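Residue numbers (the working numbering): 43 to 315. Ideal Cβ placement from N, Cα and C applies to all residues, glycine included. Being a predicted model, the structure only gives us computed values, none of them experimental.
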């Protein structure tokens, strides 16, 4: 009798400790994005001179979608963040200097959440402090607001920094970027995957320094993307800019009817291209 009771108690404990289907954690998701430089810009403005400068943005990053542990009374939540970010803006074609966009916007340190817009694509809002390098003073840390809209394999980024209220003549940075999940086989950088890209691939094949060594992989990538076009980013950037201006004016940054309208119009414009 004691043996059967011991076995029953042990089975009960093991059953209680085992995760159930209802509380199993959904899989985390990691996507690698590469920035399209011809569609990505860092704008620097303000300062004591009142200048405005534009720089092309390059680089890549991981986009993580994680789930917090779920327990009774504390449901799971999706958390998004950037990781392995290497995003930079050269100061000129012939200059070795560049702006570290990772540091300016503190990409890997931002906290992100999904906005309940009901749009045909997901929009995430990130907030935090930028310019967190060891050489920066806390007085130089600007507030960062960044939006990421995911439409198919494309991601649109729109963000800006706000200097501390007690700072003087500190520049403002605005980021507008387009990124593609995986690699975009646009070899001639005209925004369309077509026969012209194949011609460039064929011509570069004889130059190992300019072309990857695996022709079959590159050809398969090009074949899978033939006919695709870059989306119309101007409309998306304008809509996200309106969303940023509207939501940051509220005590709690939630989207308003204006944001919903702007994103809806942008979705229709994007599908036309």
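Of the listed residues the options, nearest to residue i (C-alpha basis)
{"i": "residue 263", "options": "248, 223, 108, 173", "result": "223"}
{"i": "residue 172", "options": "154, 182, 198, 234", "result": "182"}
{"i": "residue 202", "options": "267, 152, 159", "result": "152"}
{"i": "residue 41", "options": "139, 146, 267", "result": "The chain is shown only over 43 to 315; residue 41 falls outside these bounds and no answer can be derived."}
{"i": "residue 78", "options": "108, 125, 186, 131", "result": "131"}
{"i": "residue 168", "options": "141, 98, 271, 124", "result": "124"}
{"i": "residue 278", "options": "271, 188, 240, 198", "result": "198"}
{"i": "residue 150", "options": "92, 142, 260", "result": "142"}
{"i": "residue 259", "options": "271, 270, 240", "result": "240"}
{"i": "residue 270", "options": "157, 129, 233", "result": "233"}
Other residues of its chain near residue i: CB distance less than 7 Å, five sequence neighbours each side excluded
{"i": "residue 72", "result": "104, 106"}
{"i": "residue 231", "result": "80"}
{"i": "residue 192", "result": "163, 164"}
8 Å contact criterion, which residue i and residue j should meet: CB distance rounded
{"i": "residue 273", "j": "residue 196", "result": "6 Å"}
{"i": "residue 94", "j": "residue 218", "result": "Incorrect: roughly 14 Å between the Cβ atoms, too far for contact."}
{"i": "residue 245", "j": "residue 235", "result": "About 17 Å separates the two Cβ atoms, so there is no contact after all."}
{"i": "residue 318", "j": "residue 88", "result": "Because residue 318 is not part of the residues shown, which for the chain are 43 to 315, the question remains open."}
{"i": "residue 221", "j": "residue 76", "result": "6 Å"}
Residue i, buried or exposed, once every other Cβ within 10 Å from all chains shown has been counted against 16
{"i": "residue 154", "result": "buried"}
{"i": "residue 101", "result": "buried"}
{"i": "residue 276", "result": "exposed"}
{"i": "residue 205", "result": "buried"}
{"i": "residue 268", "result": "exposed"}
{"i": "residue 133", "result": "exposed"}
{"i": "residue 184", "result": "buried"}
{"i": "residue 70", "result": "exposed"}
{"i": "residue 188", "result": "buried"}
{"i": "residue 265", "result": "exposed"}
{"i": "residue 55", "result": "At residue 55 the pLDDT is 38, less than 50, meaning the model places this residue with poor confidence; the figure from the coordinates comes in the next sentence. Burial call: exposed."}
Contact set for residue i: own chain, Cβ-Cβ below 6 Å, skip 5 residues either direction
{"i": "residue 85", "result": "96, 216"}
{"i": "residue 238", "result": "230"}
{"i": "residue 74", "result": "104"}
{"i": "residue 139", "result": "133"}
{"i": "residue 144", "result": "127, 129"}
{"i": "residue 108", "result": "70, 121"}
Other residues of its chain near residue i: CB distance less than 8 Å, five sequence neighbours each side excluded
{"i": "residue 294", "result": "Here the model assigns residue 294 a pLDDT of 40, short of 50, so the residue's position is not dependable and the matter cannot be decided."}
{"i": "residue 148", "result": "170, 171, 172, 173, 174, 186"}
Identity of the residues DSSP links to residue i by a beta bridge
{"i": "residue 168", "result": "154, 188"}
{"i": "residue 140", "result": "132"}
{"i": "residue 221", "result": "77, 197"}
{"i": "residue 100", "result": "130"}
{"i": "residue 203", "result": "186"}
{"i": "residue 72", "result": "106"}
{"i": "residue 87", "result": "94, 214"}
{"i": "residue 125", "result": "104"}
{"i": "residue 120", "result": "109"}
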